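I have placed the structure first, in the form of structure tokens, so that the comments after it can refer back to it.
There are 2 protein chains.
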Amino acid sequence: MDPRIREHARIVVDHCLDVQPGDRVLVDAKPAVEEFVVALYEELGKRDAIPMRIGASPRASRAYLREFDPEAAALKDQKLAALEAADKLVMAWGMENTRETVDVADEVSNALGEANQQIMEAHLDMDWVGTMHPMPGNAQAAEMSTDAYEAFVYDAIEKDWDEQRRFQQQLVDILDPADEVRIVSGETTDIRMSVGGMDAGNDYAKRNLPGGEAYTVPVPDSVEGEVLFDLPVVTRGEELADVWLRFESGEVVEFEADSGEGTLESILNRDQGSRRLGELGIGMNRDIDQLTNHMLFDEKMGDTVHLALGRCLDEVVPEGMTGNESSLHVDLLVDMSEDSFIEVDGEVVQRNGVFRFEEGFDH
Amino acid sequence: MDPRIREHARIVVDHCLDVQPGDRVLVDAKPAVEEFVVALYEELGKRDAIPMRIGASPRASRAYLREFDPEAAALKDQKLAALEAADKLVMAWGMENTRETVDVADEVSNALGEANQQIMEAHLDMDWVGTMHPMPGNAQAAEMSTDAYEAFVYDAIEKDWDEQRRFQQQLVDILDPADEVRIVSGETTDIRMSVGGMDAGNDYAKRNLPGGEAYTVPVPDSVEGEVLFDLPVVTRGEELADVWLRFESGEVVEFEADSGEGTLESILNRDQGSRRLGELGIGMNRDIDQLTNHMLFDEKMGDTVHLALGRCLDEVVPEGMTGNESSLHVDLLVDMSEDSFIEVDGEVVQRNGVFRFEEGFDH
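These protein sequence lines map, in sequence, to chains A and B. If you count the first sequence from 1, position 11 lands on 11 in my numbering, and the numbers rise without skipping. Take any residue in the second sequence, count from 1 to its spot, add 363: that is its number in my numbering.
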């Protein structure tokens with residue numbers, strides 16, 4: 001076995017989840033990521049944990065979804081029960097074909113998604129981590145060879161997470177007490193929002209592996225201005241490119257997109273919270289130096305900012321504060337590497353991708 | 364996809380489990396049997412059931428088991444919870460390598476087996492079926508080409524189960540009210556037992572696919588005589604060949620085996636019930652015409668009888684009767700095709716493999 005797979009499994013069990021003897025662990029992994037599961041089971045054995053594997057293949061899901069009547073959508077009780085009885089959850093992504101369910105009607109996926117909201121909440125209530133076992137389908141989606149993609153993934157994952165945590169904490173310490181954040185890029189993006197009273201979080205790979213961002217939550221009504229998301233993202237199997245949004249009192253009042261405008265419109269109209277922001281994140285994992293069309297990596301890319309339409313990240317919304325509510329969470333990305341800056345309470349904290357606390361910062 | 368796989372899935376969902384809309388179904392299937400799971404998910408979609416897939420690969424299990432400290436063995440709570448929340452269970456066997464866990468210490472498997480007795484009981488309490496997706500490893504264990512093995516498996520599985528049920532019912536109707544059964548084969552087997560008061564069961568593929576046997580449970584103390592199990596079986600990865608047992612008052616008092624005598628001895632000494640019989644089964648699936656080293660098929664082979672050491676089949680033990688108790692259930696096989704007969708209450712019901720209710724029966 002590729003030693004990088006073993007090291008990946010060790011980081012998951014050790015750093016991300018700190019697995020203890022007797023921990024009941026769910027391993028949610030498609031059949032295709034078998035090699036990673038073997039390595040993970042070996043690590044779980046060393047720690048005397050009690051694992052159980054779950055997860056159907058995209059091919060099986062597609063076959064099911066194409067026959068299923070969305071009116072029969074119901075809660076997957078047996079999965080909820082397994083989650084509730086488990087202590088920790090590993091989700092291992094990785095696909096042979098990222099477009100396997102492209103010919104499933106949205107209606108069916110949406111109906112099952114809604115019927116299973118409780119499962120999503122149970123996920124978020126437990127210790128979990130999501131990670132990527134690099135597969136040819138993901139490499140293809142990233143427009144990379146499988147070999148180069150593997151190198152990319154392991155570079156992003158297998159790093160000194162304590163050092164990364166300390167690096168990111170410098171920005172978290174700025175964002176945490178902040179009131180106003182302003183993001184400016186070229187002529188096309190100038191957006192302000194209040195984060196006053198919100199906490200800031202340090203993603204050093206406890207829930208996502210790789211991690212690599214500092215993040216907080218905007219006060220829902222406070223967002224004003226316009227933003228061009230000049231890095232493409234794939235959502236629901238469709239690319240959204242050059243999405244442009246204008247906000248007033250926190251809400252999107254105007255929008256455009258170079259591609260995927262129909263999908264964008266259906267996202268914005270999904271529910272009451274889908275026109276407001278639930279997250280401001282700043283990518284800080286410099287080993288992620290290119291887009292791969294997978295948000296696990298793309299949102300942590302160095303020199304980027306992401307804003308998410310929809311559901312807020314509850315863990316940085318303190319008692320007494322309110323973040324945005326929605327059934328969606330769609331991240332959109334701005335390139336901050338050139339002609340760009342982030343201002344916090346009137347002071348520039350990043351210019352052209354370089355932070356104030358780094359060498360080469362241009363005051 | 365091979366149309367036989369779809370038909371196999373249809374039989375499981377339709378005949379074996381009679382899946383209804385909204386049924387919560389667990390699909391316990393190793394990654395290697397992916398093709399069958401795709402077909403099964405399609406059928407479950409047609410019936411608007413709610414499936415969840417579970418099951419780790421033998422490679423992952425081995426990696427885990429070799430590192431796990433047996434003293435840490437504990438109940439897999441998350442699996443028990445999933446089983447209890449489900450209505451129906453499909454177990455799909457099929458291996459790339461049937462010897463994948465041969466280098467795991469018995470001690471570890473046994474410790475986990477004992478810690479998970481409750482899961483075994485939960486299995487038996489629900490609607491379940493076990494079946495085989497034909498894989499190269501199973502073909503190899505059967506000493507067959509993969510192609511020939513596939514043909515064999517689908518012949519045994521894809522048949523008119525109503526017709527098979529009616530065929531078997533003729534024997535069930537004889538066994539059900541019977542008192543004494545005697546089995547004689549050559550000079551080496553002459554064994555008697557009471558089945559008085561026990562029910563008889565008709566295995567027409569509700570819990571095993573293929574099915575194909577009539578079965579009952581001996582009164583534990585009643586077994587007398589000797590039996591040579593002249594067909595080999597594989598148990599715990601070891602072949603038991605020409606096992607010979609002598610019973611007195613229901614208990615094995617003398618034993619021998621041409622191969623696997625050590626394993627046989629450890630089976631007999633496992634617990635209080637492991638020297639007594641828990642099952643008398645008569646194989647009636649004539650499409651199973653050769654041994655394959657897998658009990659799912661071997662015990663249903665035409666012209667055979669099997670007796671099981673250990674745990675009885677509770678479903679044919681009526682209120683007020685007592686079958687044998689044990690943590691084991693080990694089936695052993697006698698060839699009845701030549702120089703053999705089965706007598707029920709003094710009357711021959713099968714001679715040289717031909718039943719009394721069939722053409723060619725030699726009174």
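Ideal placement from N, C-alpha and C gives every residue a C-beta, glycine not left out. Note that the coordinates shown come from a computational prediction; the quantities given were computed from them, not determined experimentally.
For residue i, which residues in chain B fall below 7 Å Cβ to Cβ?
i, result
"Glu42 of chain A", "Ala426, Tyr427 and Glu430"
"Asp367 of chain A", "Since the first residue shown for chain A is 1 and the last is 363, residue 367 of chain A is missing from the structure and cannot be characterised."
"Lys159 of chain A", "Here the premise fails: no neighbours, minimum Cβ distance about 25 Å."
"Lys46 of chain A", "Glu430"
"Pro31 of chain A", "Pro394 and Glu397"
On the premise that residue j lies in contact with residue i, defined as a C-beta separation below 8 Å, what is that separation, rounded to the nearest angstrom?
i, j, result
"Val492 of chain B", "Leu380 of chain B", "6 Å"
"Ala86 of chain A", "Met120 of chain A", "With a Cβ gap of about 15 Å, Ala86 of chain A and Met120 of chain A do not count as contacting."
"Ala214 of chain A", "Gln168 of chain A", "5 Å"
"Ala419 of chain B", "Arg53 of chain A", "4 Å"
"Leu572 of chain B", "Thr494 of chain B", "4 Å"
"Ala630 of chain B", "Leu691 of chain B", "The amino acid at residue 630 of chain B is misidentified as Ala; the sequence shows Ile. Contact holds; Cβ gap of about 6 Å."
"Pro31 of chain A", "Glu397 of chain B", "5 Å"
"Gly323 of chain A", "Val317 of chain A", "4 Å"
So, helix, strand or coil for residue i, using DSSP?
i, result
"Val544 of chain B", "strand"
"Phe724 of chain B", "coil"
"Lys46 of chain A", "helix"
"Val129 of chain A", "strand"
"Asp698 of chain B", "strand"
"Leu307 of chain A", "strand"
"Ser326 of chain A", "coil"
"Asp162 of chain A", "helix"
"Val37 of chain A", "helix"
"Val219 of chain A", "coil"
"Val712 of chain B", "strand"
"Val354 of chain A", "strand"
"Val344 of chain A", "strand"
"Leu751 of chain B", "Residue coverage of chain B in this structure runs from 364 to 726, which leaves residue 751 of chain B outside it and unanswerable."
"Met684 of chain B", "coil"
"Ala142 of chain A", "coil"
Along chain A, which residues have their Cβ under 9 Å away from the Cβ of residue i?
i, result
"Leu487 of chain B", "Ordered by position in chain A, no residue passes the 9 Å Cβ test against Leu487 of chain B, which lies about 17 Å from the chain."
"Gly385 of chain B", "Ala72 and Ala74"
"Glu477 of chain B", "Near Glu477 of chain B there are no residues of chain A at all, since even the closest Cβ is about 14 Å away, more than 9 Å."
"Pro497 of chain B", "Those within 9 Å of Pro497 of chain B in chain A number zero; the least Cβ separation is about 18 Å."
Find out if the Cβ-Cβ distance for the pair residue i, residue j is shorter than 8 Å.
i, j, result
"Val401 of chain B", "Ala105 of chain A", "no"
"Val382 of chain B", "Ala412 of chain B", "yes"
"Leu428 of chain B", "Val471 of chain B", "yes"
"Leu333 of chain A", "Asp298 of chain A", "yes"
"Thr263 of chain A", "Leu240 of chain A", "yes"
"Lys522 of chain B", "Asp702 of chain B", "no"
"Gly211 of chain A", "Glu315 of chain A", "no"
"Asp708 of chain B", "Asp542 of chain B", "yes"
"Gly636 of chain B", "Phe610 of chain B", "no"
"Val552 of chain B", "Leu591 of chain B", "According to the sequence shown, residue 552 of chain B is Thr rather than Val. Taking 8 Å as the Cβ cut-off, Thr552 of chain B and Leu591 of chain B qualify as a contacting pair."
"Gly457 of chain B", "Met498 of chain B", "yes"
"Glu67 of chain A", "Lys409 of chain B", "yes"
"Ala392 of chain B", "Pro433 of chain B", "no"
"Ala122 of chain A", "Leu80 of chain A", "yes"
"Thr235 of chain A", "Val330 of chain A", "yes"
"Asp698 of chain B", "Asp666 of chain B", "yes"
Residues of chain B with a CB under 9 Å from the CB of residue i: which are they?
i, result
"Ala178 of chain A", "The premise fails here: Ala178 of chain A is roughly 41 Å from chain B at the closest Cβ pair, so nothing lies under 9 Å."
"Ala92 of chain A", "By Cβ distance, chain B contributes nothing, its closest Cβ being about 12 Å from Ala92 of chain A, past 9 Å."
List, in order along the chain, the chain A residues whose C-beta lies closer than 8 Å to that of residue i?
i, result
"Ser472 of chain B", "None at all; the shortest Cβ gap to chain A is about 13 Å."
"Gly418 of chain B", "Arg53"
Since residue i meets chain A, which of its residues come closer than 7 Å, beta carbon to beta carbon?
i, result
"Gly493 of chain B", "Chain A residues near Gly493 of chain B: none, gap ~18 Å exceeds 7 Å."
"Ile413 of chain B", "Ala74 and Lys76"
"Arg719 of chain B", "Going along chain A, no residue has its Cβ under 7 Å from Arg719 of chain B, so there is no contact; the nearest lies around 46 Å."
"Val606 of chain B", "What Val606 of chain B touches in chain A: nothing, since even the nearest Cβ is about 34 Å away."
"Ala323 of chain B", "Here chain B has residues from 364 to 726 only, and residue 323 of chain B is not among them."
Against residue i, what residues of chain B qualify as contacts under a CB-to-CB distance less than 8 Å, listed in chain order?
i, result
"Val13 of chain A", "Near Val13 of chain A there are no residues of chain B at all, since even the closest Cβ is about 11 Å away, more than 8 Å."
"Arg59 of chain A", "Glu397 and Val401"
"Ala105 of chain A", "Within 8 Å Cβ-Cβ: nothing; Ala105 of chain A doesn't reach chain B, min ~12 Å."
"Ala142 of chain A", "Those do not exist, as Ala142 of chain A stays about 24 Å from chain B at its closest Cβ, beyond 8 Å."
Ranges of the beta strand (DSSP E) found wholly within the region 587-664 of chain B, counting only runs of at least 3: 587-592, 596-598, 601-603, 606-611, 614-619 and 640-646
task: Report the residue ranges of all beta strand (DSSP E) runs contained in full by the region 544-576 of chain B; include only those spanning at least 3 residues, in chain order.
output: Complete beta strand (DSSP E) runs here, min 3: 552-557 and 563-566.
Length-filtered (4 minimum) alpha helix (DSSP H) runs lying within the region 49-118 of chain A: 58-67, 77-85 and 106-115
message: Threshold first: 3 residues or longer. Then list the beta strand (DSSP E) segments lying entirely within the region 367-397 of chain B, N to C.
response: As summarised for the region 367-397 of chain B, the continuous beta strand (DSSP E) elements at least 3 residues long and confined to that stretch are 387-392, given in chain order.
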